[in-house]
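Residue numbers (my numbering): 438 to 1196. So the structure is just underneath, and the comments pick up after that.
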């Protein structure tokens, strides 16, 4: 009765603008309770149907379709998705695009050979497991794109990726259905993704992308399902979807670091959910604490535990020395079977006359290296190049000579001590490590380091003073354990690995300079790794093996630095983020001429351009609906519900799109077209909801049944357009031969709708 009095008072004051279109109904206590719950549900992001039913299940229920029809629609989506992805899965029977990397890494897991990659290990582990389970023996070399697979069993790895890629339309269908409670919106979304040539191509090869997208979409679906269990807290289904969300988050991050974007999406959703709970006065602080701890367990501790477990398995499986050793520290390498440091023994202290390798202590700093090639004209002095090389190589070997002679000694050699002045002679070319005041190639305030002289004979610029970090004059230089600096006597600078990658004239190895800045950093610190001197006694190096947490930390530093330094491959088209939503430029997966089997990654143009149009249409529709409700227009309960779905659920998908797209504008690494596909999934789901509500708004223009006919016509036009575009462009996914699109007689003639398309 108090509320009735308030309403009456509001009417008597003359402020009736917000009530003029409302119907007057009797107000009972039950009605007021329902209205209160309705307002609460609006603030929590759900409609009035989100209340709990008497049997303990959500009264929100399923949309108005019988279970048989619902099952038929889902099976139709499943069938079409699987058939479009698995069709011609073995074609072409040769290596395509990045299969040369990820197929090879699958082989490394089968052979237990250690390697380096810029991404976390889960995706490659699953590829290797799929190959192993389907009979692949790990012997195919994966040298370059175009290599024939021959008798090797590669279909299992491709099929595994294709099956995971098939789940993307299925998960999108279920997510949109859960968000909008509309079968038509869910079917529009599924249609866009099932018949997108880009999604098909990306799913059919041995790549990380379908695995990553699988976990992203699974995490989003689990999050949405968990959101809709909010009126059944701590029930078995509530816990199930919470735990599945955490599992899929760890999976996404375990495949690629861009999985952080979906973690951020779930994190923001969780913060909003907890804020809503904090405002629920019916919950005690104990209840809120339980909710908080449950989410900490399910969305932080569990994913973190699983993520660390992935790396633990990775390190256990890859226990043999391989091509990735040189990216890691000497201590890391000592745990790898077959590495020269594994259970090795060598002289404990550095001596004159020893043959050594010198490794920079910067993560991925490389070995001090030289080769016969000279610096090009215009890059300092035209002398022999000195670089840092990330792999073990004969050109990493150096001889330790006295400053005044290079004669070998008889008897026990003298040991090198802190403060000694030495010359380092490159074993292969017999030139000395040399410094002078010429500018370094890339780091302009540093000096150039070269190889100079013949047979160990050079000049005074070849002299370097050995300094043991933290040592005193006379201290011995311990192999592997001493951090050493090399101070150039003539210029006073210190030997330095900048971490910058040289151009092609430097074989894309790491720049070595002489730094005038003498502050001790890992880039200016080195250790002696290999040490060969038959005149000295050896000791065991087993004490070097690091702990698991040290290995985990080092591997992450190496991955992050490697990721930021990625450069485009030869003849490969990298792209800019603004290219992606408009389908400006594709990516060649296989073939370059009319005699080769050509596959080209390009999205279905109709699908992608509808998505772009929907991104522009969405804020307009939200603005119109919000203004209409704010101004109190009589738009009906159905329209109010549509505006809520558009604003709340569509807003969640728009946020997902932004989080998976906008960060690429500030990334320094090389970018490719395929990086957009995670954002494209969110865009397609948003399109499904936007187009569906737009078509359902036809009754604003026409009365039934004409509005229904117009709605059906719009759906049919959309379906036919997507299918016809798929029919035209499907050879891009499934392969094409013969003349190129710009040549007469091509099957793709007339389909280069944009000059930037290169098929």
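No residue lacks a Cβ here, since even glycine has one placed at the ideal position from N, Cα and C.
If the criterion is Cβ atoms closer than 8 Å, does the pair residue i and residue j meet it?
{"i": "residue 711", "j": "residue 729", "result": "yes"}
{"i": "residue 876", "j": "residue 869", "result": "no"}
{"i": "residue 853", "j": "residue 837", "result": "yes"}
{"i": "residue 834", "j": "residue 917", "result": "no"}
{"i": "residue 1172", "j": "residue 1025", "result": "no"}
{"i": "residue 597", "j": "residue 564", "result": "yes"}
{"i": "residue 1054", "j": "residue 609", "result": "no"}
{"i": "residue 1207", "j": "residue 1134", "result": "Only positions 438 to 1196 of the chain appear in this structure, which leaves residue 1207 out of reach."}
{"i": "residue 859", "j": "residue 926", "result": "no"}
{"i": "residue 921", "j": "residue 905", "result": "yes"}
{"i": "residue 1227", "j": "residue 639", "result": "For residue 1227 there is no data in the structure shown, the boundaries of the chain being 438 and 1196."}
{"i": "residue 982", "j": "residue 807", "result": "no"}
{"i": "residue 878", "j": "residue 802", "result": "no"}
{"i": "residue 1014", "j": "residue 751", "result": "no"}
{"i": "residue 652", "j": "residue 605", "result": "no"}
{"i": "residue 964", "j": "residue 919", "result": "yes"}
{"i": "residue 994", "j": "residue 747", "result": "no"}
{"i": "residue 786", "j": "residue 850", "result": "no"}
Pick out whichever of the options has its Cα sitting closest to the Cα of residue i.
{"i": "residue 542", "options": "897, 574, 887 and 512", "result": "574"}
{"i": "residue 1115", "options": "1126, 1091 and 519", "result": "1091"}
{"i": "residue 691", "options": "682, 564 and 560", "result": "560"}
{"i": "residue 529", "options": "592, 550, 904 and 878", "result": "592"}
{"i": "residue 589", "options": "581, 583 and 531", "result": "531"}
{"i": "residue 1012", "options": "631, 604, 1108 and 942", "result": "1108"}
{"i": "residue 820", "options": "967, 681, 669 and 871", "result": "871"}
{"i": "residue 694", "options": "1021, 1000, 893 and 1123", "result": "1000"}
{"i": "residue 577", "options": "1149, 585 and 570", "result": "585"}
{"i": "residue 958", "options": "826, 923, 974 and 649", "result": "923"}
{"i": "residue 630", "options": "1044, 595, 719 and 994", "result": "1044"}
{"i": "residue 881", "options": "888, 894, 948 and 671", "result": "948"}
{"i": "residue 1095", "options": "637, 900 and 699", "result": "699"}
{"i": "residue 1191", "options": "1019, 539, 581 and 1059", "result": "1019"}
{"i": "residue 686", "options": "741, 998, 1065 and 1175", "result": "741"}
{"i": "residue 1033", "options": "1175, 1077 and 1124", "result": "1175"}
Helix, strand or coil: which one does DSSP assign to residue i?
{"i": "residue 492", "result": "For residue 492, the predicted model reports a pLDDT of 32, less than 50, meaning its position is unreliable; a value from the coordinates is still stated below. Coil, per DSSP."}
{"i": "residue 1068", "result": "coil"}
{"i": "residue 1087", "result": "helix"}
{"i": "residue 1188", "result": "coil"}
{"i": "residue 844", "result": "The pLDDT assigned to residue 844 is 49, lower than 50, so where the model puts this residue is not dependable; a value taken from the coordinates is nonetheless given after this. Correct three-state label for residue 844: coil."}
{"i": "residue 556", "result": "coil"}
{"i": "residue 717", "result": "coil"}
{"i": "residue 546", "result": "helix"}
{"i": "residue 534", "result": "coil"}
{"i": "residue 498", "result": "Reliability fails at residue 498, whose pLDDT of 43 lies under 50, so the model's placement of it is uncertain and the value that follows must be treated cautiously. Here residue 498 sits in coil by DSSP."}
{"i": "residue 977", "result": "strand"}
{"i": "residue 397", "result": "Only positions 438 to 1196 of the chain appear in the structure, and residue 397 is not among them; the question remains open."}
{"i": "residue 1056", "result": "helix"}
{"i": "residue 712", "result": "helix"}
{"i": "residue 938", "result": "strand"}
{"i": "residue 966", "result": "strand"}
{"i": "residue 987", "result": "helix"}
{"i": "residue 390", "result": "Within the shown structure, residues of the chain are numbered from 438 to 1196, placing residue 390 beyond reach of any answer."}
{"i": "residue 528", "result": "coil"}
{"i": "residue 465", "result": "In this predicted model, residue 465 has a pLDDT of only 39, less than 50, meaning its place in the structure is not dependable; the value taken from the coordinates is given anyway. Of the three classes helix, strand and coil, the one that applies to residue 465 here is coil, per DSSP."}
{"i": "residue 702", "result": "helix"}
{"i": "residue 479", "result": "Residue confidence is low: residue 479 scores 38 on pLDDT, short of 50, so the model does not pin down where it sits. No coordinate-derived value is stated."}
{"i": "residue 1138", "result": "coil"}
{"i": "residue 569", "result": "helix"}
{"i": "residue 521", "result": "helix"}
{"i": "residue 1104", "result": "coil"}
Can you pull the DSSP bridge partners for residue i?
{"i": "residue 951", "result": "884 and 932"}
{"i": "residue 1173", "result": "1035"}
{"i": "residue 871", "result": "887"}
{"i": "residue 924", "result": "902 and 931"}
{"i": "residue 1122", "result": "In the DSSP output, where bridge partners are listed per residue, residue 1122 has none listed."}
{"i": "residue 835", "result": "793 and 863"}
Can you give the beta carbon distance from residue i to residue j, rounded, assuming they're within the 8 Å contact cut?
{"i": "residue 707", "j": "residue 739", "result": "Contact doesn't hold; Cβ gap of about 13 Å is too wide."}
{"i": "residue 1122", "j": "residue 613", "result": "5 Å"}
{"i": "residue 1129", "j": "residue 506", "result": "About 17 Å separates the two Cβ atoms, so there is no contact after all."}
{"i": "residue 522", "j": "residue 617", "result": "Actually they are not in contact, since the Cβ atoms of residue 522 and residue 617 sit about 25 Å apart, beyond 8 Å."}
{"i": "residue 768", "j": "residue 934", "result": "18 Å between Cβ atoms; not a contact."}
{"i": "residue 649", "j": "residue 696", "result": "7 Å"}
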